[in-house]
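Just so you know, the protein sequences line up as chains V and G, in that order.
Read in order, the letters of the first sequence are residues 1 to 148 in this note's numbering.
Read in order, the letters of the second sequence are residues 149 to 349 in this note's numbering.
Even glycine gets a Cβ: it sits at the ideal position worked out from N, Cα and C.
What you are looking at is a predicted structure, and each value in this text was computed from that prediction instead of being measured.
Below: one structure, written as structure tokens.
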Amino acid sequence: MTCRNYKELMMGYLDNELDDEQRKVLEEHLASCSECSKELEQFKQLKRITDEVTLVEPEDRIWEEYWGSIYNRIERGIGWILFSVAAILLIIYAGFKAIEELIRDPAVGIILKAGLLALVAGLAILFVSILRERLYFRKRERYKDVRR
Amino acid sequence: MRSQTNITIDDAALVEQCKSGDSDAMERLILRYQNRVYNAILKICANPHDAAELTQDTFVKVIENIDKFRGRSSFYTWVFRIAVNLTLNYCRRNARLGIRSLDAEKNHHDWQATTLLKQFLTNGRSPDPALVAQNKELCRLAVKALMKLDDDQRAVVVLRDIESMNYAQIADVLDIELGTLKSRLSRARCKLRDVLETMVK
């Protein structure tokens, strides 16, 4: 084994992840290799630095509206679906009412009727979809208050 | 007395309560981990605002997917797996868009912190631990050095030294082999050492 191979053992040593056998192998090597024992000292110091970086308590402000927004986000997902479905149905219904006489008129061809119905349904879905996107992006856009 | 027993309820029991629709149990699980998850995310992404948002994304996912959690790993590593995956995706997206933290660009270091760091790195007498703990600037330097690592390497160091996970837990969170973890950790620390050494030069 070359000195390079001992590096992973050194890490395990620092992190307390070696079994007795591995520890013995490393310690025997360290006793005979000053380069590696110097390096281990360096890594010990390094680990003390990274250990020191530990917990920085987040400001309470972060958690203040936290719960509200977690549930809001989940509820909003469901809310949006219900809203979209209902809005689409209502708009289709209104559109259908507007062309009801045409539809009931036996003189108008079936293809024209189907076309009109599809048109109404398509418009309803497009309208709701664009409305949703508008509302969504207004809320999400982080720079909306920045004047450009 | 009641609060005493509450503290000792373990994650698995709380998860079972969540699955049966107890939202208090979920709240307690989140309170138990939110600071640690936030802290780990912050150390990987180095942006407090986005870290808060990523923490929230993490728990939204936890709430949405708790029913699918089978308990093959612990709840603890499961939460961190979600958090780390979201954060690494965020880092990759930012890298693609060429966004870098402004903080990483600053090149001025506090003289006292650099001296302290130098003392640390040389094998001589170690500085007073209290002094080190107080020195926010040293922490800032260390975080900056961490930011020079690859995202994957940084995640390993953060989970090991900052979150104090053992190797098995880290391998579980990152879904990698133990051997891969060991070599990644060793590479990460070598690079970190080099980065810190150039900082004090």
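Could you tell me the boundaries of the alpha helix (DSSP H) in which residue i lies?
i: G/Ser331; result: 326–348
i: V/Cys36; result: 34–52
i: G/Cys166; result: 159–167
i: G/Ala188; result: 171–193
i: G/Leu198; result: This sequence places Asp at residue 198 of chain G; Leu is not what is there. It spans 196–213 - the alpha helix (DSSP H) in which G/Asp198 sits, taken as one unbroken run.
i: V/Gly12; result: 6–14
i: G/Thr358; result: The structure shown does not extend to residue 358 of chain G, since chain G is modelled only from 149 through 349, so no value can be given for it.
i: G/Arg302; result: 299–305
i: G/Leu322; result: 315–322
Rounded to the nearest angstrom, how far is the Cβ of residue i from that of residue j, given a contact under 8 Å?
i: G/Tyr238; j: G/Cys166; result: About 26 Å; that fails the 8 Å criterion.
i: G/Arg341; j: V/Leu26; result: About 18 Å; that fails the 8 Å criterion.
i: V/Lys44; j: V/Leu14; result: 7 Å
i: G/Asp320; j: G/Thr225; result: 5 Å
i: G/Val210; j: V/Arg73; result: Not quite, the Cβ-Cβ distance comes to about 12 Å (not below 8 Å), so this is no contact.
i: V/Gly95; j: V/Leu123; result: 7 Å
i: V/Ile49; j: V/Ile88; result: The pair is not a contact, with the Cβ atoms about 59 Å apart (cut-off 8 Å).
i: G/Leu294; j: G/Lys191; result: 7 Å
i: G/Leu176; j: G/Leu162; result: First, the residue type needs correcting, since residue 176 of chain G is Arg and not Leu in the sequence shown. Confirmed, about 6 Å.
i: V/Leu102; j: V/Leu82; result: V/Leu102 to V/Leu82, Cβ: 31 Å. No contact.
i: G/Ala303; j: G/Val227; result: Not really, about 15 Å apart at Cβ, beyond 8 Å.
i: G/Leu286; j: G/Leu265; result: 6 Å
i: G/Asp300; j: G/Arg332; result: 7 Å
i: V/Val53; j: G/Ala290; result: 5 Å
Going by other Cβ atoms of all chains shown within 10 Å of its Cβ, with 16 needed for buried, is residue i buried or exposed?
i: V/Trp80; result: exposed
i: G/Ala252; result: Legend: pLDDT at G/Ala252 = 49, less than 50; position of this residue unreliable, no value from coordinates given.
i: G/Ser334; result: buried
i: G/Leu250; result: With a pLDDT of 48 at G/Leu250, under the threshold of 50, the modelled position of that residue is not reliable, and no figure is offered here.
i: G/Thr206; result: buried
i: V/Cys36; result: buried
i: V/Phe127; result: exposed
i: V/Leu131; result: exposed
i: V/Tyr93; result: exposed
i: V/Asn5; result: exposed
i: V/Tyr71; result: exposed
i: G/Gly272; result: Low per-residue confidence applies at G/Gly272: pLDDT is 49, beneath 50, and the placement is therefore not dependable, though the value from the model is reported in the following sentence. Result: exposed.
i: G/Thr328; result: exposed
i: G/Asn187; result: buried
i: G/Asp323; result: exposed
i: V/Lys144; result: Residue confidence for V/Lys144 is low, a pLDDT of 46 falling below 50, so the modelled location carries little weight and cannot support an answer.
i: G/Lys97; result: In the structure as shown, chain G begins at 149 and stops at 349. Residue 97 of chain G is therefore absent and cannot be evaluated.
i: G/Val305; result: buried
i: G/Ile310; result: buried
i: V/Val85; result: exposed
i: G/Glu164; result: exposed
i: G/Thr141; result: Lying outside 149 to 349, the shown extent of chain G, residue 141 of chain G is not represented and no answer is given.
i: G/Asp198; result: buried
i: V/Glu8; result: buried
i: V/Asn16; result: exposed
i: G/Leu179; result: exposed
i: G/Ala316; result: exposed
i: V/Leu40; result: buried
i: G/Ile157; result: exposed
i: G/Thr263; result: exposed
i: V/Leu119; result: exposed
i: G/Ile189; result: buried
For this session: Check each residue of the stretch 205–226 of chain G: if its Cβ is closer than 8 Å to any Cβ of chain V, include it; give the result in chain order.
Result: Residues Phe207, Val208, Ile211, Glu212.
Exercise. Can you give, in chain order, each stretch of the alpha helix (DSSP H) that sits fully within the stretch 76–113 of chain V and has at least 4 residues?
Worked result: As far as the stretch 76–113 of chain V is concerned, its whole alpha helix (DSSP H) runs of at least 4 residues are 100–104.
For this session: Check each residue of the stretch 315–337 of chain G: if its Cβ is closer than 7 Å to any Cβ of chain V, include it; give the result in chain order.
Result: The stretch 315–337 of chain G vs chain V, Cβ under 7 Å: Tyr315, Lys330, Ser331, Leu333, Ser334, Arg337.
For this session: Could you list the residues in the stretch 89–120 of chain V with a C-beta less than 9 Å from some C-beta on chain G, going in chain order?
Result: Near chain G, meaning a CB-to-CB distance below 9 Å, no residue of the stretch 89–120 of chain V qualifies.
For this session: Could you list the residues in the stretch 67–78 of chain V with a C-beta less than 8 Å from some C-beta on chain G, going in chain order?
Result: Taking 8 Å as the Cβ-Cβ cut-off, the stretch 67–78 of chain V approaches chain G at Trp67, Ser69, Ile70, Arg73, Ile74, given in chain order.
For this session: Anything in the stretch 40–52 of chain V with a Cβ closer than 8 Å to a Cβ of chain G? List those residues in chain order, please.
Result: The residues in question are Glu41, Gln42, Phe43, Gln45, Leu46, Lys47, Arg48, Ile49, Thr50, Asp51, Glu52.
Exercise. Between the stretch 283–317 of chain G and chain V, which residues of the former have a C-beta closer than 8 Å to a C-beta of the latter?
Worked result: Cβ contacts with chain V come from Leu286, Cys287, Ala290, Val291, Leu294, Val305, Arg308, Asp309, Ile310, Asn314, Tyr315.
For this session: With 8 Å as the limit, tell me which residues of the stretch 19–36 of chain V have their beta carbon closer than that to any beta carbon of chain G; keep them in chain order.
Result: If the cut-off is 8 Å between Cβ atoms, the stretch 19–36 of chain V has nothing near chain G.
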